[in-house]
Every structure is written in C-alpha cells, then in structure tokens.
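Q: Chains as they are written, first to last, in this note's numbering: chain A, 728 to 910; chain B, 14 to 983. My structure is below; once you've seen it, I'll send some questions.
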Amino acid sequence: MNKQVRHIEPKSPVLFSTTDNHTTLSDLSLYPRVGIRGNNAVAQVEKTAFSVPETANSLTETDEHILVRLINNEFWLLSKSDSQSNSTLESGSSAYPVLCQASHAWFVLNTHDNAAVLAKLCSVDLRPAQFAEGAVAQTVVAGVNAIILHHHYGQQAVFSILCDRSLAQYLWDVLNDVLNNQF
Amino acid sequence: MSNSTRFENDGALINRAKPVMFEFEGQQYQGFEGDTIASALLANGRWLMSRSFKYHRPRGPLTMAGQDANTLVQLTAEPNVLADMHRITDGEKVLGQNYEGSLDNDRDAYMDKLGRFLPVGFYYRAFYKPLGIWDTWEKWIRKKAGLGVVDVKRDTKSEFYDKQFLFHDIVVIGAGPAGLKAALTAADAGASVLLVDENQHLGGAFSYHEFIENEPLDANRLYQDAVTAVENHSQIEVLLNASCNGWFADNYLEIIQDKRLYKARAKQCIVASGSLEQHVVFRNNDLPGIALCSAVERMIKHYAIKPGQRAVVLAGNDDALSTAITLANYGIRVNAVVDMRAEGWNTSLVQQLKTLNIDYKTGYTVYEALKDNKTQHLKAVDVREITGQGHVGDKSVEIDCDLLCMSAGYMPTYQLLCQAGGKLIYDDEHAQFKIEQLPKNLHIAGAVNSIHELTATIADGERAAIVALNNLGLSNTEPKPKRVSCAKKTNFDWPIFKHPKAKEFVDFDEDLQIKDIINATKMGYRDVQLVKRFSTVGMGPSQGRHSALPTARLIAKATERTVSETGVTTARPPFAPEKLAHLAGRGYASSRLTPVHSRHIELNAKMINVGGWQRPSYYGDLDKQRAMHAEASHVRNKVGIMDVSTLGGIDVRGPDAAEFLNRFYSNDFKALAVGKTRYTMLVNDQGVIADDGIASRLADDYFYMSASTSNASRVFREMTKCNVQWQLDVDIANVTSSFAKFNLAGPEARKVLSQVMDDISLNAESFPYLAFREGHIAGIPARIMRVGFVGELSYEVHVPAQYGETVWDLLINAGHVFDIKPFGVAAQRLLRLEKGHFLVGQDTDGMTHPGEVDMLWALDNSKPVFSGKRSVEIVLNQQQKRKLVAFSLPFDSLKPEEGHLVLKDDDISGNVTSCEYSPELNKIIGLAYASVEQSDIGSSIPIRVDGGTIVKASVVAKPFYDADDKRQEL
C-alpha cells in the first residue's frame, strides 16, 4: 500500500486526480447530483439519454455521469465534474425529487486495492470478483450507513462512498486513519 | 535445575546468527532470534517458570504450545503472557508471577502443605460466618488471588489495535498434515483458501514429530513438499501466529493475529485443528522436568534444546515410543520406557527400543514423581505394575531421571466444532472422544477427526476438501474413500492413578487433584457442569484442554455412568484468551455534525451529545447556569438564533399522504390547510407517547413532518413499516440531513428575518402564528414556519444543508443591529419549561400515555383508526395513578434535580423530570410526576432532594410564562 494520501478539505470541491498511482481520497460533495423516486421514476429516467441500470444496487455510467439505481424506483444521477450540464432528472407525478445533493457527502477512494482498504471498515466482500464495476452496495462502513459504488473515473476503477452529510467529517477521518495506518 | 543445553544443530525456529539478550527474574539470559521465553530459559537450563495458582507449587513447561498455564509470566506492560509462545526481544524484562519473595524461593509455598484444609469448594463454605467476617477475609483473598499485575498507569493510547474482514471460499483451521492437504486440494481446484494456524510455522505435528512407524514413507519430504506448495500457491492466503477464537453462524470466524482481529466469512470451513496430547494423572505429575511427549519433541526440533540428561518415557501409545527413539537418537539417555499398555504396541518400534538398549516395561506406570528438594526439579520416578483400572501393585521400582515425557493419548481440539454445535461422543473401544453432528458447510479432518495415522490423516484432509469443493460447485467427484478410517489406538483407557498422599493433578491451572473431582460428585454435583462450577475444573487459562477428558472419566466412574453420558463442559468463544483491545479495535465513535458545526466552534460553544448529534449546550466562557440564563433572557428580550438542524425531517408525498398521516398520528390531517402547521403526536402500540413534532402542509399531497432529534430515525422506520402494511400511494423520505434548520426567536425575530427574505411577507396578518411558507433567502430556497416552542415570536428557517453556513451568516449579519446572539440547548430547555411544554424522552418515559400529560386534546377520537388508538382507550379506562404536574418553589429553596422523588406519605408517587431556576420568573419551576390526588392546582407535593431534605413544592397551572400566548402570536 502506497501510504501517500492526498488530504483534501472536505468542503472543497476538487478535480479528481487520475494521472498518478498515489493513494487518493477525494471529497466530491459539492459536485452536482440529483435524484428521483416513486412509482413513475423508471419512466422518467427512460426519457433521458442515460442507460437505465437493470436492477437495484447497480449503476451505469458515461464519461460525465453515474446513474445509480438504489431500489427499483429510486435513481441518483451523479456528475463527475462540477458542471451542471445535463445533470437533471425531471420529477413529475409519482416521481418525486430526492435531495441527495443536500443529504449526502461523496468521497472517492482510489488505491491499488480499494477492497482491502474497505475490508477494515465494511463487512461486505468488495473484491472485484464479488463486487464488479457497476455494482452498488448499500451497507455499513465504520458503523454508519453508506452507499458504495464501483465505477470508473477516467481510466481508473474507483470506489465512491456516499454517506449522510452529518457524518461526513467522521467518515473522512476514519478513511484517512485507515489509509495512514495500513500494516 | 537440570543441565539442559542446546544441540549444535537443528532448531528450525531459531536463528543462531542473532543472539538476543533478555532478563528473567533479574538475571540476564541469552537466547536466539526465534526463541520463546520458555525455550530460551530451557536452553539455559531453567525449567522453573511459574508458581501454581493455589498451592504455589513450582511449575515448568508442559506443552510448549501455549496450551497450559504453567508458563504464564509477567512482562513489564502485560501480565499472564505465555512464555512458550511469546518470542523474546532484546532487552525484554520478564518476571515470574504469583509468588512472595522470589520465584525460586516462594514464601507462599507453604500453601502446598495446607491442601487438606483447602478442599474443593472450600471457599463456598467458608468466609461467611460469623456475620461480617468476609470483610476481613476479602482483603487477604484479594491479595492472594490472581496471577500477574496490570499496570493501570500505563499509557494505553500507545498501542494500535485493528480489525479486518476477510472473505474466502474455504477457510482451513490448522496447518498440520490434514490442513495442508485440504488447503492444497481446495486451492488446486480453484477455490480461494485461507489457511490459519496458531503456530509461527506451517506443518503442525509434521514439524516436530518423527513418524517413525510410517517408514518407508518419507514424512519429512511430504512435509517440505506441502509447505513449499502452500507457500507458492496463489490461491492460498496463510495466517500464522493466528488463533481462530470463535465460530459463529454461517462460518463467521473470529481470528486473532498479533494486534489485529480478523472477521472471516467462509463459504466452507474445514477444521483440522489437530488434537491435544493428554497427561497421565499420578502423584507429583506437575514437577519441573515432566512434560508431554510432544512438548519435548518441540523443544528438540524447534529450538534444538536438550531437555534433560536422563529420560524416562511414560507411554500410553506408540507415539511415545517414537519420542523415546528420538531422544535416544539425539544422544539423551533413556533410562526406561514405561508403557501402561499390556498389549497393542507397535512391534517395530519396540524392536527399535531394544536395539537402542532402552529398558521397555509394559503394563507399568509412573506412580509418583520424586523431587530434588534443592533444585525443585524431577530427580526420579516410582514405577509400579498396573494391577487394575487405576490400581498398582506394592512393588516399587525407582528410576533415576531428570526428564519425564508422558503421553496418555489425545483429546480432539474440539472447542471450535462444539461452538458450532458439534457433539462429543465417547468411543469406548478407542477410549477417545469423537465429534459428530456438525452443521452444513463445516467439515472436519485429521487428528481432530480421530484420524491419527499419517497417511490416513492426509487422506482425510483431501476428503474434507473435496466435500467442500462439491458444496461450492467447484468439483463433482465423490471423495474416495467417502470416510477415512484409522485403526491406530492412541488413548490409554485409564491413565489415572490415585495416590494416598494425593497431589495427582487433573487440572494444573486450578491445582485440582483426583479427590477434588470425586468429592464434588459425592457432595451431589453429579453433572459435569456443576462439577465445573463447584470445583473450578476447566475454568483456568487452559480452559480444560487437559482436564476435560480425565474429569469426564472420573465423574463417569464416580456416578456410574458412561463417559458419553457425562460429556464435557460447554465450549464457548473465545478459544484462547483475547484482549479487550482486540474487541475494541481502532475505537471509532461516530458523531453527527450539523451543517454549521464549525460556526459553533468559532463561537466557543460547549458541545454536548444529543441523540448522536453534537449540539451546543451553551456559548462562551461563563459557567453553564449563567450562560443559560443570559441566553434565555436574551431570547425573551431581544432575539436569539438556535441551530435545530438535528430535528428530524420527513417528507410525506403522494395522493394518499393525508390518509397515511391520519392513520399514523393521533391528530387530524385532512382538515389541515395548505400553508399551515399543526402539532403532531405519535402513540405506539402500547398507548405510550412515542414522539411529537410539527406537520407542515406544503400541498394537498405533500407534508413536511418534523420529529424529535433522538426519535427521527425511529419515526421514519415506523412510517415505512406501516406503509408496507397499508399499501397507500405515498412516498416517505427521511430528509433530516437535507436541511439546515434554524430557530430565530425573540421580539426582534421578525425584523431580523425580514432583512434577508426575498419574497415572503412576514407581517402577522399574512404570516400568522402556525403558518408555513416557502420562499427564498438570498436566492436560496427556504421553508419557513412560525412556531412557538420557546414562547416568543419565533420562526424556523429550513434551507438545503449545503447552504447552511451561508444562511446562518446572513441571519447573524442581519441581526447585528438587533443584538442577535446564538442560544444553545440549555437555554432552549429553560425557555420551553417556562412555557410548560414537555419534552418526549425527558418528561415522558416508557409508560407515559396522553392522559398523564394532559394531551387528550391531541387525540382525534372521531377518526376510525390511528396508531395506538385502541391501546390509548384501554389505558385511559384504567384507574389513573399519576399525572405530570407543573410545580414551583421560591427562588431561594433547595432546587430539586431530575430524578428526585415525589413522595406521598411513605410512598413514592412520582419523580421530577425537569427543574430549573427561572430568572424571568425569579423562582424555581419544574415538571414532575405525582399521584392523581396530588395533581390539583394548589396542592403541595413533597420532593426529596439531595441529602434527604424534603421540600414542599406547589402545584401550579401551566404555562408558567405568558399564559395567554400573546408573545408567541405577535
């Protein structure tokens, strides 16, 4: 494990580094994201250009966006940059907006073995064979609820970790502690 | 003291190129890298390493495998360390334990002569008469009890403990011949394998035992090949020095290695944990110089120690004969092999003994070990002919020796398997326990499966792996053979020889002798569980590893039952001692922060934990009381701002939203107009108040509900559960963290808010009390409510959490000219108390129903149903016993505290739930439960305060402040 961890203040949106092999934990909490849920959510998402994930706990992605299907009728659209363009999911009858931008913090973990890092904190088997790219786990990390996404950022496979905003500082500290104390 | 030394060669675990100096009992010793404390001391001729728990008898290594309490020593920062497992480091200081004076000359050794006065269970029958004598005994017993010393002053933050999850197709516990074969078979078929062993090397018995009886099979070659294959296999992860301490449902395994606790998930688990060699029970079988055969083999093979000059081997099986041959081959004189068996020995091995000129006695046993009083070491053994079960003849043969190796047989290392529900069945023919009835996906192989012959053991490992692979779908071949059998008998039927002078130890940890077990059964404790608790057998550090089998045999005989009927005591995790630090790990403790947490810190807030959130109790450098009074007064007279982001927020949307809430809460929601708020109360299935809050109607099909800080998650869960049952067209979303929420309160609140609102008219006519509006603050969408919790003109401002700091700053800046100040939880609680509002959880308990707190008005009984309605009707129809009353006391009275008792004659009629001095009212005010008879306005309730003083409080009407609510409805 490369112990060089890039510390970024949680409140600062940053461009994610994909050009080096360093262990990197980034805070993308201020990047745009929206969500909808309800009986008509699928129909609303199908109206967009995004490919609809086939099952709950899965995602599809483009170079710019990640579309996450958390349950059958709830979708979150995460933007991989701070650009607001095309980062919308229209709400409507029985398709209610989800305030995921406000409610959740968003961290991105990029190490040479993300599963090994999270094995210190999470009881779900996140090794690639079990948790392939495109998989989503709604689980517990270091004792608090979290959503883990396995996706690409640039050329690199990374884990996104979304947690309740009120627990952002706690989980940020915990992840840094783990990254700095591998042995 | 013996003259043990090192052999010039061998010693697989030591590095002779790296000497290590350490200190034991103040004396310097030299060992090598890889040595344990015990091996290094043995190499220096020192056997005496500890004193026994009760009788302070001198003790030396018994197993050399961490399976006994004889080698517990004290390190500088840690007591009760196993000297035969702990590897020495340069400069390390080690002490013995449990002695007065010195380890070699323990003044408490006189206890050994008091045995007759300390019979089994004596502590249950002594020390309690005459009344009060325990206080005297306790000091002495506490001083004498226990082993090592914990250094409580040590900096406990200096050590780093950790946890990690592991995931594998197959976990193999034990890396002996069976475990190695199982791991390789499974990995070769493509399974991901974790191989765990408590030793620092692979191989188990392969690494120390010479399988002489298996010639021409080259056991050493098999060992080396297997180890090399495992170490180079990409599918196998190996954990050494790792103890699998617990088996839990679905192969959830707790493994401890060094300072890390692994939590392993295994689809299949193979336990190849081997077996525990058993001692022979005879007089003085605990003297330094007496060890199990496997222990002596470990000394030789692992550490190149020459454990003695003149050996006797006490055999109950052929393995001990191999030990004797090994000793002789290493140049140690074997004065005799005393074989307890009258028949059944391996003739080839016996022939080799004869070739080596070793005296071989069959049908004999060691009846007593004799001590050199000067060195406290073994000097000879008294050997007698066995004449019947546990009986010997009168003719004694004394054989000189300084080393006695013994093997009565083996006990499966059953603990993990019995944790999993496996049953121990006694096999009379082989005089051993077998394990059966294992759960699905848990397999057993090798010696723990009562397979002892080497080739059979290896075959059994392969068999178990194939079964596991079939379960995983990685193989579809039947194992051949389906069941591996082994005819080798390893256990002597009755290796227990009672002596008139006793001191034949069954349990070394607790100094328990044959008579102790027998006497326990004579006193009526016939069940093994009761014998354990009465005698403490098996309760010491080794947890019955050596005492379980002889205890079962003794109880069975004494109670005229079979050994199977007697059984052994329950095996529970952990298998080996573990530290609290392992369970604690890194000790993460989550704490929720509001969106403006940093602002509170900047304002020097004193933070407290409320329902998992960090909240300001009060601000500034004043003490809590003065700060609370100042902040409350500021709200009453000017304007204050409070962060209430911790309040629960739940969006309820959809065509059936009103119907859903009508069923969920006790109030009516269908009549609530859009743009209005309403107090809500939630009653649970027992008719008890579970929570309260405010409902705001944003649209016909959209409600925004608040819940108390501590109950928000519970209310949300209950809502989602109910909607699963009711199947209404409604969407429920927990938006607690989505909003930053501020309470702007005080006569100047409207003026402050009007400075920042973009698009909402705030005058009393257009935005009256209990109204709800949506608008914008500096372009930021905001939900605004007029509420009255603190009893002043008051607004709640809810904005998306990411804009929390921005809006907080805007309000603070706008409020400067009005002298706005933040206020904390302490002031808020005083302000609401002045208004007579109760807090759910503070002024209610697990029994409080709406009638007790005068909240019947919040029940809409015209509704056909709401949660808890039927229960409320039932509890209200019963005789009422208590009510929550408001009380007051003069300002200079003793102030009751929360929890102080309200009395009625000689009985307790209730308790104080809230009480504060109110500077606004200049008196002490509070809420308390009292009997119904005491609840009339004007009644006097006696409250017992600290020190037992009774103060008489007056029951008064609520609220204490602004009875006509003019201030909050401004």
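Virtual Cβ for every residue (Gly too), placed ideally from N, Cα, C.
(1) Report yes or no: is there a C-beta of chain A within less than 8 Å of the C-beta of P813 of chain B?
(2) Tell me, please, which residues DSSP counts as bridged to W260 of chain B.
(3) Taking only beta carbons into account, state which residues of the stretch 745-774 of chain B come closer than 9 Å to chain A, listed in chain order.
(4) Can V885 of chain A and N841 of chain A be called in contact, C-beta distance under 8 Å?
(5) Taking 8 Å as the cut-off, decide whether the C-beta atoms of Q365 of chain B and R346 of chain B are in contact.
(6) R138 of chain B lies in the alpha helix (DSSP H); which residues open and close that run?
(7) So what does Y808 of chain B bridge to, in DSSP terms?
(8) Using a threshold of 8 Å, state whether the C-beta atoms of I186 of chain B and V326 of chain B are closer than that.
(9) In whole angstroms, what separates the C-alpha of A337 of chain B from that of Q43 of chain B?
(10) Would you kindly check if the distance between the Cβ of K876 of chain B and the Cβ of G804 of chain B is under 8 Å?
(11) Using a 10 Å radius around the Cβ and a threshold of 16 neighbouring Cβ atoms, would you call K730 of chain A buried or exposed?
(12) Compare the C-alpha of D949 of chain B against each of B:H850, B:S967 and B:D905 and name the closest.
(13) Using the Cβ count rule (16 or more neighbours within 10 Å means buried), how would you classify V851 of chain A?
(14) Secondary structure at V748 of chain B, three-state DSSP: helix, strand or coil?
(15) Can you give me the C-alpha to C-alpha distance between K157 of chain B and N111 of chain B, rounded to a whole angstrom?
(16) For the candidate residues B:E517, B:V94, B:Q213 and B:I183, whose alpha-carbon lies nearest to that of D299 of chain B?
(17) Can you pull the chain A residues whose beta carbon is under 7 Å from the beta carbon of L717 of chain B, in chain order?
(18) Between S808 of chain A and chain B, is any beta-carbon pair separated by less than 8 Å?
(19) Should R639 of chain B be labelled buried (16 or more other beta-carbon atoms within 10 Å of its own) or exposed?
(20) Which runs of the beta strand (DSSP E) fall wholly inside the stretch 170-254 of chain B and span at least 3 residues, in chain order?
(21) Out of B:W60, B:L266 and B:T607, state which residue places its alpha-carbon closest to the alpha-carbon of R70 of chain B.
(22) Using 10 angstroms around the beta-carbon of W739 of chain B, count the other beta-carbons present and answer buried if the total reaches 16, otherwise exposed.
(23) Between the beta-carbon of L253 of chain B and the beta-carbon of I268 of chain B, is there less than 8 Å?
(24) How many whole angstroms separate the CB atoms of I790 of chain B and V769 of chain B, which I take to be in contact at a CB cut-off of 8 Å?
(25) With three or more beta-carbon pairs closer than 8 Å as the criterion, would you say the stretch 892-899 of chain A touches the stretch 812-827 of chain A?
(26) May I ask you to list the residues that DSSP assigns as paired with E929 of chain B?
(27) Just checking: is the beta-carbon of A846 of chain A within a distance shorter than 8 Å of some beta-carbon in chain B?
(28) Residues of chain B with CB under 7 Å from N908 of chain A, in chain order?
(29) In chain A, which residues lie less than 9 Å from L843 of chain B when you measure between Cβ atoms?
(30) Let me see if you follow: with CB-CB separation under 8 Å, is L902 of chain A close to chain B or not?
(31) Using a beta-carbon distance below 8 Å, is S739 of chain A in contact with chain B?
(32) When you check each C-beta in the stretch 570-600 of chain B against every C-beta of chain A, which residues fall closer than 8 Å?
(33) Taking R760 of chain A as the query, report the chain B residues whose CB atoms sit under 7 Å from its CB, ordered along the chain.
(34) Does DSSP classify L305 of chain B as helix, strand or coil?
(35) Got a sec: is the Cβ-Cβ distance from L755 of chain A to anything in chain B below 8 Å?
(36) Would you mind listing the alpha helix (DSSP H) stretches within the stretch 865-905 of chain B that are 4+ residues and don't spill past its ends, in chain order?
A: In brief:
(1) Indexing the second sequence from 1 puts residue 813 of chain B at position 800. Yes - at least one Cβ of chain A is within 8 Å of the one on P813 of chain B.
(2) To locate residue 260 of chain B, count along the second sequence from 1; it is residue 247. Looking at the DSSP assignment, W260 of chain B forms a beta bridge with B:L266.
(3) A746, N747, V748, T749, S750, S751, F752 and A753
(4) Counting from one through the first sequence, the residue named residue 885 of chain A turns up at place 158. Counting from one through the first sequence, the residue named residue 841 of chain A turns up at place 114. Closer than 8 Å, so yes.
(5) Within the second sequence, the letter at position 352 stands for residue 365 of chain B. Within the second sequence, the letter at position 333 stands for residue 346 of chain B. Their beta carbons are not under 8 Å apart, which means Q365 of chain B does not touch R346 of chain B by this criterion.
(6) As a first step, residue 138 of chain B must be located in the second sequence, where it is residue number 125. Element bounds for R138 of chain B: F135 to R138.
(7) The sequence position of residue 808 of chain B within the second sequence is 795, counting from 1. Answer by DSSP bridge pairing, in chain order: B:L757 and B:R799.
(8) Locating residue 186 of chain B in the second sequence gives position 173, where the first residue counts as 1. Locating residue 326 of chain B in the second sequence gives position 313, where the first residue counts as 1. No, the pair does not count as a contact, with Cβ atoms beyond the cut-off.
(9) Taking the first residue of the second sequence as position 1, residue 337 of chain B is located at position 324. Taking the first residue of the second sequence as position 1, residue 43 of chain B is located at position 30. Rounded to whole angstroms, A337 of chain B to Q43 of chain B spans 29 Å at the Cα level.
(10) Here residue 804 of chain B refers to the residue found at position 791 of the second sequence. Here residue 876 of chain B refers to the residue found at position 863 of the second sequence. No, these two residues do not count as a Cβ contact at 8 Å.
(11) The residue you call residue 730 of chain A lines up with position 3 of the first sequence. Low local confidence applies: a pLDDT of 33 at K730 of chain A is under 50, so the model's placement there is unreliable, and no value is given.
(12) What you label residue 949 of chain B is simply residue 936 of the second sequence in a count that begins at 1. Considering only alpha carbons, the answer is B:S967.
(13) Counting from 1 along the first sequence, the entry for residue 851 of chain A is found at position 124. Answer is buried; the Cβ neighbour count reaches 16.
(14) Reading the second sequence from its first residue, position 735 is the one you call residue 748 of chain B. DSSP places V748 of chain B in coil when its eight states are reduced to three.
(15) Your numbering for residue 157 of chain B matches position 144 in the second sequence. Your numbering for residue 111 of chain B matches position 98 in the second sequence. Going from the Cα of K157 of chain B to the Cα of N111 of chain B covers about 8 Å.
(16) The residue you call residue 299 of chain B lines up with position 286 of the second sequence. Closest option to D299 of chain B, Cα to Cα, is B:E517.
(17) Here residue 717 of chain B corresponds to residue number 704 of the second sequence, with the count starting at 1. The amino acid occupying residue 717 of chain B in the given sequence is Tyr; Leu does not appear at that position. Those do not exist, as Y717 of chain B stays about 12 Å from chain A at its closest Cβ, beyond 7 Å.
(18) Here residue 808 of chain A corresponds to residue number 81 of the first sequence, with the count starting at 1. It does not: the Cβ of S808 of chain A has no partner Cβ on chain B nearer than 8 Å.
(19) For the purposes of this step, residue 639 of chain B is identified with residue 626 of the second sequence, where counting begins at 1. So R639 of chain B ends up on the exposed side.
(20) 175-186, 206-209 and 249-252
(21) To locate residue 70 of chain B, count along the second sequence from 1; it is residue 57. The candidate whose alpha carbon is nearest that of R70 of chain B is B:W60.
(22) The sequence position of residue 739 of chain B within the second sequence is 726, counting from 1. W739 of chain B comes out exposed.
(23) What you label residue 253 of chain B is simply residue 240 of the second sequence in a count that begins at 1. What you label residue 268 of chain B is simply residue 255 of the second sequence in a count that begins at 1. Taking 8 Å as the Cβ cut-off, L253 of chain B and I268 of chain B do not qualify as a contacting pair.
(24) Translated into the one-based positions of the second sequence, residue 790 of chain B becomes position 777. Translated into the one-based positions of the second sequence, residue 769 of chain B becomes position 756. Confirmed, Cβ separation roughly 5 Å.
(25) no
(26) Within the second sequence, numbered from 1, the residue matching residue 929 of chain B stands at position 916. E929 of chain B pairs with B:I938.
(27) For the purposes of this step, residue 846 of chain A is taken as the residue at position 119 of the first sequence. Yes - at least one Cβ of chain B is within 8 Å of the one on A846 of chain A.
(28) Translated into positions along the first sequence, residue 908 of chain A becomes position 181. Ordered by position in chain B, the residues that pass the 7 Å Cβ test against N908 of chain A are F173.
(29) Here residue 843 of chain B refers to the residue found at position 830 when the second sequence is read from its first residue. By Cβ distance, chain A contributes nothing, its closest Cβ being about 26 Å from L843 of chain B, past 9 Å.
(30) Counting from 1 along the first sequence, the entry for residue 902 of chain A is found at position 175. Answer no: the Cβ-Cβ gap between L902 of chain A and chain B never drops below 8 Å.
(31) As a working note, residue 739 of chain A is residue 12 in the first sequence. Unreliable placement is indicated for S739 of chain A, whose pLDDT of 40 sits below 50; the coordinate value is still reported in the next sentence. By this cut-off, S739 of chain A is not an interface position.
(32) R599
(33) Here residue 760 of chain A is taken as the residue at index 33 of the first sequence, counted from 1. Here the premise fails: no neighbours, minimum Cβ distance about 11 Å.
(34) Translated into positions along the second sequence, residue 305 of chain B becomes position 292. Three-state DSSP puts L305 of chain B in a strand.
(35) Counting from one through the first sequence, the residue named residue 755 of chain A turns up at place 28. No, because no Cβ of chain B sits closer than 8 Å to the Cβ of L755 of chain A.
(36) 882-890
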